[in-house]
Each structure stands twice: as structure tokens, then as C-alpha cells.
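Below: the structure, in C-alpha cells.
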Amino acid sequence: MTKDYDYLLKVLLVGDSDVGKHEILSGLEDASSESPFCSGNAYKTTTILLEGKRVKLQLWDTSGQGRFCTIIRSYSRGAQGIILVYDITNKWSFDGIDRWLKEVEEHAPGIPKVLVGNRLHLAFKRQVAAKQAELYASRNNMSCFEISPLCDFNIRESSISTRAMLSDNR
Numbered sequence: 053m054t055k056d057y058d059y060l061l062k063v064l065l066v067g068d069s070d071v072g073k074h075e076i077l078s079g080l081e082d083a084s085s086e087s088p089f090c091s092g093n094a095y096k097t098t099t100i101l102l103e104g105k106r107v108k109l110q111l112w113d114t115s116g117q118g119r120f121c122t123i124i125r126s127y128s129r130g131a132q133g134i135i136l137v138y139d140i141t142n143k144w145s146f147d148g149i150d151r152w153l154k155e156v157e158e159h160a161p162g163i164p165k166v167l168v169g170n171r172l173h174l175a176f177k178r179q180v181a182a183k184q185a186e187l188y189a190s191r192n193n194m195s196c197f198e199i200s201p202l203c204d205f206n207i208r209e210s211s212i213s214t215r216a217m218l219s220d221n222r
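Laid out in C-alpha cells, this is it:
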């Protein structure tokens with residue numbers, strides 16, 4: 053049986069509960085759902101074209117609850133990228149990124165990361181300034197994007213950045 057891809061890249065979506073990680077997964081075009089484990093975890097796969105190669109991108113959604121920090125430990129093994137997600141309308145979720153980043157650095161040091169502010173369609177309720185997120189990302193050597201899966205805004209741009217980040221890490 054032949055593979056239908058040249059590379060497999062595993063990426064974790066990390067962040068507090070209710071920041072929209074599931075929305076991001078749901079917004080993926082042509083992605084297939086797979087959930088081989090307990091309800092706290094799920095992943096979707098999609099095939100993308102990167103530098104002429106077919107790449108099977110596996111995006112893992114962690115629940116974001118504190119008790120799932122052990123999931124970060126186990127699922128970060130073999131991951132090539134981490135997407136740290138916060139909700140731009142919830143300052144607490146942005147403040148929580150420090151905790152998630154510490155957890156990721158402890159259990160998956162050196163894995164490339166991208167900071168993503170979700171729910172841009174609710175910008176009128178913004179609690180986290182874009183500049184604040186950009187500065188945080190810059191200090192931590194990450195790219196930073198604000199997205200809205202509901203409006204399909206910046207999804208392509210953040211995907212390209214994530215793909216480039218992962219390409220550098222192959």
C-alpha cells in the first residue's frame with residue numbers, strides 16, 4: 053500500500069478552553085476528522101502542497117483544561133510545530149499563553165511555534181491589542197496572526213507561515 057503523501061507533519065493546537073481551537077479545526081477545508089483517543093483529544097488531517105511535496109498535516113486539538121497538561125507531555129513527542137491559541141475577546145486566555153508556553157518549552161523544547169489570536173470577527177469586543185500580541189510573539193521568537201475561521205480571514209496567511217515554519221524544521 054503506497055502513501056498518498058511525501059511527509060507527515062504533526063502540529064498541536066494549545067491554549068485555554070473555549071478559545072476556539074475546535075473552530076480552527078472545523079474551518080479546515082478537505083480535512084478528515086479522526087479521534088482515536090478519549091474525548092479530550094481529536095485531530096484532523098489535511099493534505100497540503102509545500103515546495104512541490106504533498107504534506108499530510110495532522111492538527112491535534114488538546115482540550116485546554118489544566119488536567120490535560122499531561123496530554124501536552126505525551127502528544128508533543130513527535131510534533132513538528134505548536135500553535136498557541138488565545139481568544140482576542142478574552143484577556144485571561146492571552147495571559148494563559150505564558151503557562152502554555154512554559155509547558156511546551158518544558159516538554160517540547162525547540163519545536164517551532166506560532167501565536168494565533170482567534171475570533172477576529174468579534175474585534176468590537178477586543179480585550180487583547182494586536183500590538184500586545186505581536187510584541188509577545190516577537191519576544192518569544194514566534195510569528196503572530198489574528199484569524200477568524202468563521203469568516204475565513206487570515207486562515208491562508210497563518211497556514212502559509214505554519215507551513216514555512218514546519219518546512220524549516222524538517
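Sequential numbering of the sequence shown, starting at 53, is according to the working numbering.
No residue lacks a Cβ here, since even glycine has one placed at the ideal position from N, Cα and C.
Bear in mind the structure is a predicted one, so any value in this text is a computation, not a measurement.
Test item: CB-CB of residue i and residue j under 8 angstroms
{"i": "R106", "j": "T98", "result": "no"}
{"i": "G72", "j": "D139", "result": "yes"}
{"i": "V168", "j": "I135", "result": "yes"}
{"i": "S200", "j": "R178", "result": "no"}
{"i": "I76", "j": "L65", "result": "yes"}
{"i": "H159", "j": "S190", "result": "no"}
{"i": "L174", "j": "Q110", "result": "no"}
Residue span of the beta strand (DSSP E) that contains residue i, given as start and end
{"i": "R106", "result": "105-114"}
{"i": "I163", "result": "Counting along the chain, I163 falls outside any beta strand (DSSP E), and DSSP gives it neither H nor E."}
Residue burial classification, residue i (beta-carbon count within 10 angstroms, cutoff 16)
{"i": "Q132", "result": "buried"}
{"i": "E198", "result": "buried"}
{"i": "L67", "result": "First, the residue type needs correcting, since residue 67 is Gly and not Leu in the sequence shown. So G67 ends up on the buried side."}
{"i": "S145", "result": "buried"}
{"i": "A181", "result": "exposed"}
{"i": "S69", "result": "exposed"}
{"i": "P164", "result": "buried"}
{"i": "G162", "result": "exposed"}
Endpoints, alpha helix (DSSP H) assigned at residue i
{"i": "D68", "result": "Premise fails: D68 is in no alpha helix (DSSP H) and is neither H nor E."}
{"i": "L77", "result": "73-78"}
{"i": "D150", "result": "149-159"}
{"i": "C187", "result": "Going by the sequence as given, residue 187 is Leu instead of Cys. Per DSSP, L187 belongs to the alpha helix (DSSP H) from 182-191."}
For residue i, the residue or residues it bridges with in DSSP
{"i": "F197", "result": "V168"}
{"i": "K55", "result": "None; K55 has no bridge partner."}
{"i": "I140", "result": "In the DSSP output, where bridge partners are listed per residue, I140 has none listed."}
Hey, is the segment 55-62 in contact with the segment 150-157, meaning 3+ C-beta pairs nearer than 8 angstroms? no
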